[in-house]
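Below is one structure, written out as structure tokens; comments come after it.
Number of protein chains: 2
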Amino acid sequence: MPRTPPQCPMDSILRLLMGPWTTHIIWVLSDQGPQRFGVLKRAVPGISTRMLTERLRMLQRAGVVWREQAETIPPAVTYGLTPRGNDLRGVLDAMGEIAERWKTEGVFEGDDLGGAASPNSRL
Amino acid sequence: MPRTPPQCPMDSILRLLMGPWTTHIIWVLSDQGPQRFGVLKRAVPGISTRMLTERLRMLQRAGVVWREQAETIPPAVTYGLTPRGNDLRGVLDAMGEIAERWKTEGVFEGDDLGGAASPNSRL
DNA sequence: CGGCATCCTATTAGATACTG
DNA sequence: CAGTATCTAATAGGATGCCG
Chain A
1 MPRTPPQCPM DSILRLLMGP WTTHIIWVLS DQGPQRFGVL KRAVPGISTR MLTERLRMLQ
61 RAGVVWREQA ETIPPAVTYG LTPRGNDLRG VLDAMGEIAE RWKTEGVFEG DDLGGAASPN
121 SRL
Chain B
1 MPRTPPQCPM DSILRLLMGP WTTHIIWVLS DQGPQRFGVL KRAVPGISTR MLTERLRMLQ
61 RAGVVWREQA ETIPPAVTYG LTPRGNDLRG VLDAMGEIAE RWKTEGVFEG DDLGGAASPN
121 SRL
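So the protein sequences, as listed, match chains A and B. If you're matching positions, the first sequence starts at 1 in the UniProt record's numbering and goes up one per residue. If you're matching positions, the second sequence starts at 1 in the UniProt record's numbering and goes up one per residue.
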């Protein structure tokens, strides 16, 4: 439906990060190191299996995470950040800093900003 | 539906940027300077009146854009980036750089990564 | 355990029309 | 011109259940 005027080179990245939960996942992988599916799921409370798989697949396609499958029974699958994933961490941190600054300026005080598709909200 | 474990300080920022069209709007305002509603609308092709107003209101609430209304007839309303808005521009640029780098590494080759709520796609 | 496939609903955002 | 209001279509994503 909508268009994409070629402008905005960072859109592709944003589109990547934008996905629901995406940052949480990256954050956890970056912070806690490589994790197995189940652990990851528990580390991102509220996410559904479907979502988690979908996001991981997407991040994989983007070369942001790797996936290692142990063909044991039961199977054990581990995910981790690729170097490229760490690039992103940088951006996230940059945002984190600004967020921090804004917070002390009292930006996020009231109700949420009513962004858009943001599954990371109120309980 | 979902939760928000307090982690991920940058989530608030992302939630802000995540909204559809949001980056485009900021980008235009940052690139073209303050603009009137109509011009803005034409600068972000495909966006609906409703969306544009909604996004602008949201960005206003976040203190990212200012709004100046001239009570003439017909009315003339102008929007521009606040200093805080320029902070964001920095983040966007950072992302842009990475995007650029990745692009030369051929990340975004195939179909889109199927992010999430991203109205800024094909067409 | 990891993760598809299915189903089903809540939300979202486009189109349209009308007002100050 | 700059919105608001309404109505609707599309879809994202949660829940569930089964399979390797």
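Even for Gly, the Cβ is constructed at its ideal location relative to N, Cα and C. All figures in this text were calculated on a predicted structure; none of them were measured in a lab.
C-alpha gap between residue i and residue j, whole angstroms
i	j	result
A/P80	A/V65	Rather than Pro, the amino acid found at residue 80 of chain A in this sequence is Gly. Distance between the alpha carbons of A/G80 and A/V65: 5 Å.
B/R101	A/V107	32 Å
B/A76	B/E68	8 Å
B/P83	A/P45	35 Å
A/T23	A/V91	11 Å
B/A43	B/W21	11 Å
B/E105	B/T72	52 Å
B/L29	A/D87	27 Å
B/E97	A/G96	18 Å
B/D11	A/D11	17 Å
A/T78	A/K103	35 Å
B/T49	A/R50	34 Å
B/D31	B/I47	18 Å
Residue-chain proximity (residue i, chain B), Cβ-Cβ < 8 Å
i	result
A/V91	yes
A/S30	no
A/T23	yes
A/G96	yes
A/V39	no
Under 8 Å between C-beta atoms of residue i and residue j
i	j	result
A/G19	A/R55	yes
A/I26	A/G85	yes
A/A94	B/A62	no
A/L52	A/L40	yes
CA nearest to the CA of residue i, picked from the options
i	options	result
B/G33	B/T72, B/M10, B/T49 and B/R89	B/R89
B/A70	B/R36, B/L17 and B/D11	B/R36
A/L16	B/T104, B/E105 and B/A99	B/A99
residue 144 of chain B	B/E97, B/D11, B/G38 and B/D31	There is no way to answer for residue 144 of chain B, as the model of chain B reaches only from 1 to 123.
Residue-level contact to chain A via CB, residue i, 8 Å cutoff
i	result
B/R42	no
B/R84	yes
B/L17	yes
B/V77	no
B/L81	no
B/L14	yes
Heavy atom of the ligand HEM within 7 Å of residue i beta-carbon
i	result
A/P75	For the ligand HEM, the structure offers nothing, since it holds no ligand at all.
- Task: Could you list the residues in the segment 57–74 of chain A with a C-beta less than 8 Å from some C-beta on chain B, going in chain order?
- Result: Residues M58, R61, A62 and G63.
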